[in-house]
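Student: Protein chains in written order, with my numbering: chain V, 2 to 596; chain S, 1141 to 1393.
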Amino acid sequence: MTPDARRRLWFAALLLLPFVFRDELSRFALARVGAFAIAATGVAVVSGLAGQISLGHAGLMAAGAFTSAGLAVHAGWPFAAAFVAGTALAALVGVAFGIPSLRVRGQYLALATLGGGFIIWQILREASSLTGGDGGFASIPPPSLFGRSLGPLGAASLAMTLAAITLFAAGNLERSRAGRAFRAVRDSEAGAAASGISVYRAKLGGFVASAAIAGAAGALFAHTEGFIAPSQFDPSISFLLVLAAVLGGLSSPYGGALGALLILGPSELFPSAFSWLERYQIIAWGPVALLVVFRWPDGVVGGLKRLVGRLRAGRGTGVTRETERTVAPETPVVPPVTVVSPGVTLLVVRGVTKSFGGLRALHDVSLEVGAGTIHALIGPNGSGKTTLLDCLTGARRSDAGEVTLQGRRIDALPPHEIASLGVARTFQQVALFGTMTATENVLAGAHPRLRGGLGAGALGLRRGDDSNAEHDARAILAAVGLAGLEKDKAVALSYGQRKRLELARALALRPSLLLLDEPAAGRNEPEILELGRFLKRLRSAGLTILLVEHHMNFVLSLADVVTVLDEGRVVAHGDPRTVRADPAVVEAYLGAGVA
Amino acid sequence: MLRVEGLHASYDGMIEVLHGASIEVHEHEIVTILGSNGAGKTTLVAAVCGLVPFVRGTVRFQSEDITSLPPHAIVSRGIVEVPTGREVFPDQTVTENLLLGAHAYRSDRARVRRNVRDMLERFPVLGQRKSQLAGSLSGGEQQILSVARGLMGRPRLMILDEPSMGLAPILVTQVFELLRDIWREGTTLLLVEKLAHLAITFSHRLYVLELGSVALEGTAAELAGDPRVEEAYLGRRAWAEELAGAEYPTESP
């Protein structure tokens, strides 16, 4: 059975649950658990998939619940319309929640979202003319479909159906282009931007999708309960949702729902056996979550996955030897690149200056890179080489000067737009997406060339595009010598393999200009030779390359032009032979040779 | 001094990176491990330092079994590793980073001060930036700082994982001159290095690691003349051809 078929079977099983619990109270309880499972999936999407911590999701749930309930009670809207409106308003509030994430990270973002949840909670309590204040709303009409109110069985079935749809969509999203962008931003913002992914859009998109899910959960909750009050959405509920997502496992889109089921299931569905649990809910589950996370850092889902993996391995060969996992040389196949007609000056840098505090990293740097050439940038450590690459790719904004690509000013553009224009780069300290597989890293590198946003991702559309792109990605991985490592996570690769993977990711963009920061680092001599030949083949295919490197044989055998930086200034420039013999270069950079 | 026997190592308990590697380092020796990408060099030295979770086999240091000791206990026995990848403390100044390297003899203030001054003089790149935060240094400068901090420890056995990586040629020379001085003062050195010609001129003995076990070992002279080493690691002839093709003078290694 394929994993996809297995997933569908699990979702179908959810729909049978309302028939397993036969009494009314249990069915209402099941609807309640379903609502929280959906809300926790919202947390899994933003905090797990997109890596943005949120401690305010009860507020988003409340936004959906009170909007839907208010429209139904005061304006007499039918359930479906009120539900949609509640979901939409929560998504809108999600934009406001997402804005701090563009400026702050980690614990500061956690505080900002915690504050957001508090504010919503307070508004609900104070705006009593609209929300009923602390007393809340009573007699909210039950969910109805086609004009017929749903009873306990219908409500529970609706909750389970919505939960199944949410999980299905979250699972689709994870593997889609939009989901890859989320995960890329989570793992490395610099790497994501260099791959043409808008960090800004990915973060806001994560918050909006998550808020819509939480809002839908809130609206469902309001109508199945029939009564809501602000106290049901106080900040402790936000913690409960985060707890569920962490316990279940942030690395999986299904972790939140599983966590919610584990936390709420016993006391809600088997009240006679577990009623004592309810009172100690947070106190009891805190230590359990701590223990689980300590033992299984990726939660119950991660732990189960590993357990299954070990059982399967136990039946098979046991420990895998790593023999077939080392890299192969680069293949003669050259991945496609964007060709600019030779003879044209592709990149012009004029008077670029950049200071950090009092330290001047770049001083009036000018250079030109001709299409179809390899241009090397060398110089002592700390002379500003990497800073220059950062200014060219938009990772840093220069203080003064101009950068033009094929006659177009690019120095004021954000990094992902520069990447989308065909400028790919690698980093000195690799900026890969650690938790993603090698193939996924390369696919993320092709982001600007692929299509499909959040909606398409959630619905599982454009799979065809993706499978073509995956085919291309495998070819690129083979070209850089990583065949056989397609399914390995980037974080599990050796340093040299990671450098290769980053090169593959950069090539996936089909660049016209490739910027490489110390591509030979982590390679031994024959591997450096291979790399040189590979880059020459790329040049023959029409690619323009600007590289920073210290390995002199590599630079001398490869470069058409060499520019030497020292203390942020261009001190020498010309063909490699002239530069190599320049006394100033020998003095400041090369030295007398290793004793 | 250091004896590693039949080492199997794995990071996750599932995929094994080393399959019974054995190496030996004698007192007052310079030993280098060569190998291609993913051969397990970094894993081998990390396992010696207690940084790999799943290990089988034994690691002995001066006849004591240190296989299952925690990393800090291994450091206190006199083994210091300078890892690859520039792990400096970014929010502390260059001088503070160096001081942290002197933790083992922190009560001997005069010695600490002398060694800090010595490092700042030896590496003008660091001397000029001694009050700057380490995080504001360039990649190569952080690499130098990480090496210098390790050297502050003046350990009995110093392990360096690719000290030359990302350094300008002139700095590579300086680092290796410093390593030789440290060795003269009585520190034994174990290196992982990709620049094979440098390693061969610098070391007494070398090991070649392939696919997680030792494929070759010998003295520098033995390995320098070995055609397998020439082809797989030195590539001198290949470079000469490559450069002749480009019509540029050969860089003497």
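Every residue gets a Cβ at the ideal spot worked out from N, C-alpha and C, and that includes glycine. Values in this document were obtained by computation on a predicted structure and should not be read as measured data.
Would you be able to state if there are at least three C-beta pairs under 8 Å between the region 1249-1269 of chain S and the region 1298-1305 of chain S?
Tutor: Because the criterion of three Cβ pairs below 8 Å is not met, the region 1298-1305 of chain S and the region 1249-1269 of chain S do not touch.
Student: If you follow the alpha helix (DSSP H) that lysine 386 of chain V is in, where does it begin and where does it stop?
Tutor: Sequence index remark: in the first sequence, residue 386 of chain V carries index 385 (1-based). 386-394 is the extent of the alpha helix (DSSP H) around lysine 386 of chain V.
Student: Please name the residues in the region 548-573 of chain V whose beta-carbon is closer than 8 Å to at least one beta-carbon of chain S, in chain order.
Tutor: Listed by position, the residues of the region 548-573 of chain V near chain S (Cβ gap below 8 Å) are His551, Met553, Asn554, Leu557, Ser558, Leu559.
Student: What residues of chain V sit near glycine 1280 of chain S, judged by a beta carbon separation below 7 Å?
Tutor: Residue 1280 of chain S sits at position 140 when you count from the first residue of the second sequence. Result: Asn382, Gly383.
Student: Is histidine 472 of chain V helix, strand or coil by DSSP?
Tutor: On the first sequence, residue 472 of chain V is found 471 positions in, with the first residue counted as 1. Helix.
Student: Can you list, in chain order, the stretches of the alpha helix (DSSP H) that have 4 or more residues and sit fully within the region 255-307 of chain V?
Tutor: List check, alpha helix (DSSP H) in window: 256-270, 272-280, 282-296.
Student: Does the beta-carbon distance from leucine 125 of chain V to alanine 63 of chain V come in below 8 Å?
Tutor: Taking the first residue of the first sequence as position 1, residue 125 of chain V is located at position 124. Taking the first residue of the first sequence as position 1, residue 63 of chain V is located at position 62. Contact flag set, yes.
Student: Of the choices V/Phe357, V/Gly77, V/Arg463, V/Gly172, whose alpha-carbon is the least far from that of arginine 8 of chain V?
Tutor: On the first sequence, position 7 is the one that residue 8 of chain V refers to. Considering only alpha carbons, the answer is V/Gly172.
Student: For a contact defined as C-beta to C-beta under 8 Å, what are the partners of isoleucine 1310 of chain S on chain V?
Tutor: Position 170 of the second sequence, counted from the start, is the residue given in the question as residue 1310 of chain S. Going along chain V in sequence order, the residues near isoleucine 1310 of chain S (Cβ under 8 Å) are Pro381, Ala589, Tyr590, Leu591, Gly592.
Student: Should the region 513-522 of chain V be regarded as contacting the region 541-558 of chain V, the criterion being three or more beta carbon pairs within less than 8 Å?
Tutor: Yes, since at least three Cβ pairs between the region 513-522 of chain V and the region 541-558 of chain V fall closer than 8 Å, the two stretches touch.
Student: When you compare the region 390-406 of chain V with the region 342-350 of chain V, are there three or more beta-carbon pairs, one atom per stretch, that lie closer than 8 Å?
Tutor: Touching, per the Cβ criterion.
Student: Terminal residues of the continuous alpha helix (DSSP H) containing isoleucine 1340 of chain S?
Tutor: As a working mapping, residue 1340 of chain S is identified with position 200 in the second sequence. Per DSSP, isoleucine 1340 of chain S belongs to the alpha helix (DSSP H) from 1336-1342.
Student: Would you identify the three-state DSSP class for serine 1276 of chain S, choosing helix, strand or coil?
Tutor: Here residue 1276 of chain S refers to the residue found at position 136 of the second sequence. Looking at serine 1276 of chain S - three-state DSSP - the assignment turns out to be helix.
Student: Taking Cβ-Cβ distances below 8 Å as the criterion, which residues of the region 1210-1222 of chain S are in contact with chain V?
Tutor: Residues passing the 8 Å Cβ filter: none.
Student: Suppose the cutoff is 7 Å on Cβ atoms and the five residues either side in sequence are ignored; what does the same chain contact list for glycine 533 of chain V look like?
Tutor: Start at 1 with the first residue of the first sequence, and residue 533 of chain V comes out as number 532. Contacts found: Phe555, Ser558, Leu559.
Student: Compare the C-beta of tryptophan 1323 of chain S against all C-beta atoms of chain V and say whether one is closer than 8 Å.
Tutor: Here the question's residue 1323 of chain S lines up with position 183 in the second sequence. For tryptophan 1323 of chain S, the answer is no, since every Cβ of chain V falls outside 8 Å of its Cβ.
Student: Please report whether the beta-carbon of alanine 1336 of chain S lies at a distance below 8 Å from any beta-carbon of chain V.
Tutor: On the second sequence, residue 1336 of chain S is found 196 positions in, with the first residue counted as 1. Closer than 8 Å to some Cβ of chain V, the Cβ of alanine 1336 of chain S qualifies, so yes.
Student: For the beta strand (DSSP E) holding alanine 1149 of chain S, just list the boundary residues, first then last.
Tutor: Working through the second sequence from its first residue, we reach residue 1149 of chain S at position 9. From DSSP, the beta strand (DSSP E) with alanine 1149 of chain S extends over 1142-1150.
Student: Chain V partners of alanine 1288 of chain S, CB-CB under 8 Å?
Tutor: Residue numbering aside, residue 1288 of chain S sits at position 148 when the second sequence is read from its first letter. Correct list: empty, because the minimum Cβ distance to chain V is about 13 Å.
Student: How big is the Cα-Cα spacing for isoleucine 1219 of chain S and glycine 117 of chain V?
Tutor: Here residue 1219 of chain S corresponds to residue number 79 of the second sequence, with the count starting at 1. Here residue 117 of chain V corresponds to residue number 116 of the first sequence, with the count starting at 1. Answer to the nearest angstrom: the Cα atoms are 50 Å apart.
Student: Which of the three DSSP states, helix, strand or coil, is assigned to valine 1332 of chain S?
Tutor: Position 192 of the second sequence holds residue 1332 of chain S. In this structure, valine 1332 of chain S counts as strand in the three-state DSSP scheme.
Student: Identify each residue in the region 1365-1383 of chain S for which the Cβ-Cβ distance to at least one residue of chain V is less than 7 Å, and report them in chain order.
Tutor: For the region 1365-1383 of chain S, which is checked against every Cβ of chain V, the residues closer than 7 Å are Ala1372, Tyr1373, Leu1374, Gly1375, Ala1378, Trp1379, Glu1382, Leu1383.
Student: When we look at the beta-carbon of asparagine 469 of chain V and count the other beta-carbons within 10 Å, is it buried (16 or more) or exposed?
Tutor: On the first sequence, position 468 is the one that residue 469 of chain V refers to. The residue in question, asparagine 469 of chain V, is exposed, as its Cβ has fewer than 16 Cβ neighbours within 10 Å.
Student: Would the C-beta of valine 289 of chain V count as close to the ligand COA, meaning under 7 Å from any of its heavy atoms?
Tutor: This structure does not include the ligand COA; it has no bound ligands of any sort.
Student: Let me check understanding here. Comparing Cα to Cα, which of V/Gly180, V/Leu504, V/Ala182, V/Ala82 lies closest to proline 144 of chain V?
Tutor: The count along the first sequence starts at 1 and reaches residue 144 of chain V at position 143. When only C-alpha atoms are compared, the closest one is V/Ala82.
Student: I need the straight-line Cα distance from arginine 28 of chain V to proline 19 of chain V, nearest angstrom please.
Tutor: Your numbering for residue 28 of chain V matches position 27 in the first sequence. Your numbering for residue 19 of chain V matches position 18 in the first sequence. Cα to Cα, the separation comes out at about 6 Å.
Student: Roughly how many angstroms lie between the CA atoms of glycine 287 of chain V and alanine 476 of chain V, to the nearest whole one?
Tutor: If you number the first sequence from 1, residue 287 of chain V lands on position 286. If you number the first sequence from 1, residue 476 of chain V lands on position 475. Distance between the alpha carbons of glycine 287 of chain V and alanine 476 of chain V: 47 Å.
Student: Could you check the C-alpha separation between threonine 427 of chain V and alanine 507 of chain V for me, to the nearest Å?
Tutor: Taking the first sequence and counting its residues from 1, one reaches residue 427 of chain V at position 426. Taking the first sequence and counting its residues from 1, one reaches residue 507 of chain V at position 506. Taking the straight line joining both Cα atoms gives about 7 Å.
Student: From what residue to what residue does the beta strand (DSSP E) around serine 356 of chain V run?
Tutor: To locate residue 356 of chain V, count along the first sequence from 1; it is residue 355. Start and end: 346-357.
Student: Would you list, in chain order, the members of the region 1165-1177 of chain S that have their beta-carbon closer than 9 Å to a beta-carbon of chain V?
Tutor: If the cut-off is 9 Å between Cβ atoms, the region 1165-1177 of chain S has Leu1174, Gly1175, Ser1176, Asn1177 near chain V.
Student: Do phenylalanine 98 of chain V and alanine 212 of chain V have their beta-carbon atoms positioned less than 8 Å apart in this structure?
Tutor: Here residue 212 of chain V refers to the residue found at position 211 of the first sequence. Here residue 98 of chain V refers to the residue found at position 97 of the first sequence. Closer than 8 Å, so yes.
Student: What are the start and end residues of the beta strand (DSSP E) that includes glutamate 1350 of chain S?
Tutor: Residue 1350 of chain S sits at position 210 when you count from the first residue of the second sequence. From DSSP, the beta strand (DSSP E) with glutamate 1350 of chain S extends over 1345-1350.
Student: Considering only the alpha carbon of each residue, which of V/Leu17, V/Ser513, V/Val443, V/Val44 lies closest to leucine 31 of chain V?
Tutor: The residue given as residue 31 of chain V occupies position 30 in the first sequence. Cα-wise, what sits closest to leucine 31 of chain V is V/Leu17.
Student: Going by beta-carbon coordinates alone, are glycine 1197 of chain S and glutamate 1145 of chain S separated by less than 8 Å?
Tutor: Counting from one through the second sequence, the residue named residue 1197 of chain S turns up at place 57. Counting from one through the second sequence, the residue named residue 1145 of chain S turns up at place 5. Yes, the Cβ-Cβ distance between glycine 1197 of chain S and glutamate 1145 of chain S is below 8 Å.
Student: Taking arginine 1320 of chain S as the reference, give the member of S/Ala1339, S/Lys1334, S/Leu1335 with the closest Cα.
Tutor: For the purposes of this step, residue 1320 of chain S is identified with residue 180 of the second sequence, where counting begins at 1. Checked all of S/Ala1339, S/Lys1334, S/Leu1335; the closest Cα to arginine 1320 of chain S is S/Ala1339.
Student: Go through its chain and collect everything with a Cβ distance to glycine 1 of chain V's Cβ below 6 Å, but skip five positions before and after it.
Tutor: Shown here, chain V extends from 2 to 596; a query on residue 1 of chain V therefore has no answer.
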